[in-house]
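Colleague: Residue numbers (the numbering used here): 57 to 165. The beta-carbon is built from N, C-alpha and C at its ideal position, and this holds for glycine as well.
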């Protein structure tokens with residue numbers, strides 16, 4: 057399974073899009089800061105969206121999985137604010153491009 061950050065480098069991302077025949081590519085990075093009410097909410101959200109981690113834990117028992125997500129909540133304590141919420145600044149990459157694709161104009165049956 058390819059890693060979730062395999063296209064985190066803007067140059068690698070642009071090369072991959074060019075190889076897929078995209079043109080007029082624009083890439084912009086920005087910082088977003090998601091906020092979670094608590095470390096536990098952060099861990100629950102992470103569990104919901106982190107498919108690679110869930111896949112790695114699929115063969116583990118419920119106690120083992122619970123320990124992992126408890127460790128995630130514990131690690132989030134380092135980012136807790138005065139109100140008890142967790143804020144984690146993250147860099148996101150926004151990409152736009154265009155591809156002339158004959159398949160788009162082909163009727164689908």
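#1: Skipping 5 residues on each side, what residues in its chain have a beta carbon closer than 8 Å to that of residue 104?
#2: Does the beta-carbon distance from residue 151 to residue 83 come in below 8 Å?
#3: Going by alpha carbons, who is nearest to residue 60 out of 125, 106 and 132?
#4: Decide if residue 118 is buried, meaning its Cβ has at least 16 other Cβ atoms within 10 Å, or exposed.
#5: Do residue 141 and residue 78 come within 8 Å of each other at the CB atom, strictly closer than that value?
#6: What three-state label does DSSP hand residue 87 in the structure shown?
#7: Is DSSP giving residue 98 helix, strand or coil here?
#8: Counting C-beta neighbours from all protein chains within 10 Å, is the total for residue 134 16 or more, i.e. buried, or is it exposed?
#9: What is the rounded straight-line gap between the Cα of residue 68 and the Cα of residue 81?
Modeller: Taking the definition as stated:
#1: Here residue 104 refers to the residue found at position 48 of the chain shown. In its chain, beyond the 5 residues on either side, no residue has a beta carbon closer than 8 Å to the beta carbon of residue 104.
#2: Here the question's residue 151 lines up with position 95 in the chain shown. Here the question's residue 83 lines up with position 27 in the chain shown. It is a contact, given that the beta carbons lie within the stated cut-off.
#3: For the purposes of this step, residue 60 is taken as the residue at position 4 of the chain shown. From the listed residues 125, 106 and 132, the smallest Cα separation to residue 60 is found for 106.
#4: Here the question's residue 118 lines up with position 62 in the chain shown. By the neighbour-count criterion, in which a residue is buried when 16 or more other Cβ atoms sit within 10 angstroms of its Cβ, residue 118 is exposed.
#5: Here residue 78 corresponds to residue number 22 of the chain shown, with the count starting at 1. Here residue 141 corresponds to residue number 85 of the chain shown, with the count starting at 1. Not closer than 8 Å, so no.
#6: Walking along the chain shown from the start, residue 87 turns up at place 31. Note: residue 87 maps to strand in three-state DSSP.
#7: In the chain shown, counting from the first residue as 1, residue 98 sits at position 42. Reduced to three states, the DSSP call for residue 98 is helix.
#8: Sequence index remark: in the chain shown, residue 134 carries index 78 (1-based). With fewer than 16 other Cβ atoms inside 10 Å of its own Cβ, residue 134 counts as exposed.
#9: As a working note, residue 68 is residue 12 in the chain shown. As a working note, residue 81 is residue 25 in the chain shown. Straight-line Cα distance between these residues: approximately 13 Å.
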